[in-house]
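Residue numbers (the UniProt record's numbering): 1 to 262. Every residue, glycine too, gets a C-beta built ideally from N, C-alpha and C. Since the model is a prediction, treat every value here as computed from it, not as a measurement. Reviewing the structure listed below.
Structure, rendered in structure tokens:
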């Protein structure tokens with residue numbers, strides 16, 4: 001996207017083509033990205049040219065290979081973290097919000113982002129209590145069995161959810177884990193209607209988790225924030241308060257990222 005239609009005086013064609021490919025991948029609605037043929041259909045650069053550029057971008061982790069083709073990679077995120085905090089999902093932007101929630105509820109607060117069909121925990125704030133969630137920063141969790149993951153699944157189309165179910169080997173992690181596609185459709189409709197996702201001992205026995213979506217300036221889900229509570233400390237009253245405070249906190253972070261609402 002050019003700044004105010006500014007055109008460079010000395011354009012580098014290969015670089016422009018590379019940028020066009022990255023911008024094309026950015027617009028992909030599928031978590032699996034796009035194939036070379038799909039990219040060529042939109043940009044008409046030639047499959048061999050696109051393949052060579054993608055191979056170079058892959059070497060720098062600017063794109064990732066998927067079963068369908070390519071999607072944007074974490075190398076871009078590494079660079080984007082250097083953008084001033086008022087423009088991006090930086091640690092400064094979310095840590096204070098998460099610390100406030102943790103201090104209020106005395107429970108573990110997590111922030112996760114989507115990566116290759118899973119949720120990656122990028123931040124965790126823990127209370128000073130003996131019994132707490134054992135999740136670690138950098139840990140990858142399944143979409144179908146976690147509250148964080150359900151938020152990302154809920155952002156997909158019905159067909160994309162079906163593709164996810166067919167592409168991944170889903171196992172029942174507990175007796176409550178949802179591995180049936182039709183049941184998941186029902187669950188995701190609830191997530192969209194309620195504005196939050198719920199994991200009732202579906203990922204880990206004895207642990208209940210609630211998650212709310214964080215949106216970026218384009219209205220797309222950028223992350224999901226959750227609060228994990230051991231079953232023994234979970235009450236209906238606490239549930240209602242967590243839902244209220246968590247949704248407000250997630251919206252606060254969304255506002256910070258430039259989200260304008262629906």
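DSSP places residue 225 inside the beta strand (DSSP E), whose first and last residues are 221–230. At the C-beta level, residue 222 and residue 188 stay beyond 8 Å of one another.
Taking one beta carbon from each stretch, the segment 132–149 and the segment 245–258 have fewer than 3 pairs nearer than 8 Å; the two do not touch. Between residue 242 and residue 44, the alpha-carbon positions lie close to 50 Å from each other.
With fewer than 16 other beta carbons inside 10 angstroms of its own, residue 15 counts as exposed. The Cβ atoms of residue 37 and residue 26 lie no closer than 8 Å to each other. The three-state secondary structure of residue 197, taken from DSSP, is strand.
When C-beta atoms of the segment 51–70 are compared with those of the segment 200–220, fewer than three pairs fall below 8 Å, so the two segments do not count as touching.
As summarised for the segment 21–86, the continuous alpha helix (DSSP H) elements at least 4 residues long and confined to that stretch are 36–43, 47–59, 74–80, given in chain order. Contact annotation: residue 249 and residue 111 have beta-carbon atoms that are not nearer than 8 Å. Per DSSP, residue 115 is one residue of the beta strand (DSSP E) stretching across 108–115. Burial state of residue 138 is exposed, judged by a 10 Å Cβ sphere holding fewer than 16 other Cβ atoms. Sequence-distant partners of residue 18 (beyond 5 residues in either direction) whose C-beta falls short of 8 Å from its own C-beta, in its chain, are 53, 56, 57. Bounds of the alpha helix (DSSP H) holding residue 242 are 236–256.
Contact between residue 113 and residue 120 holds: CB atoms are separated by about 6 Å, below the 8 Å threshold. Boundaries of the alpha helix (DSSP H) harbouring residue 148: 147–154, taken from the DSSP string. For residue 161, the enclosing alpha helix (DSSP H) has its first and last residue at 158–167. Taking a 10 Å sphere around the C-beta of residue 194, we find fewer than 16 other C-beta atoms and assign the residue as exposed. Here the alpha carbons of residue 103 and residue 23 stand approximately 40 Å from one another. Relative to the Cα of residue 123, the nearest Cα in the group 105, 64, 99 belongs to 99. Excluding the 5 residues flanking it on each side, residue 168 has same chain C-beta neighbours closer than 7 Å at 117, in chain order. The C-alpha of residue 74 is placed about 8 Å away from the C-alpha of residue 64. Taking a contact as a CB-CB distance under 8 Å, the pair residue 31 and residue 160 counts as one, their CB atoms being some 7 Å apart.
Distances from the alpha-carbon of residue 33 to those of 151, 136, 78, 164 put 164 closest. Shortest Cα-Cα distance from residue 96 to any of 237, 225, 170 involves 225.
Annotation: residue 204 is outside any beta strand (DSSP E) and is labelled neither H nor E by DSSP. Excluding its 5 nearest sequence neighbours in each direction, residue 61 has C-beta neighbours in its own chain below 7 Å: 73, 74, 75, listed in chain order.
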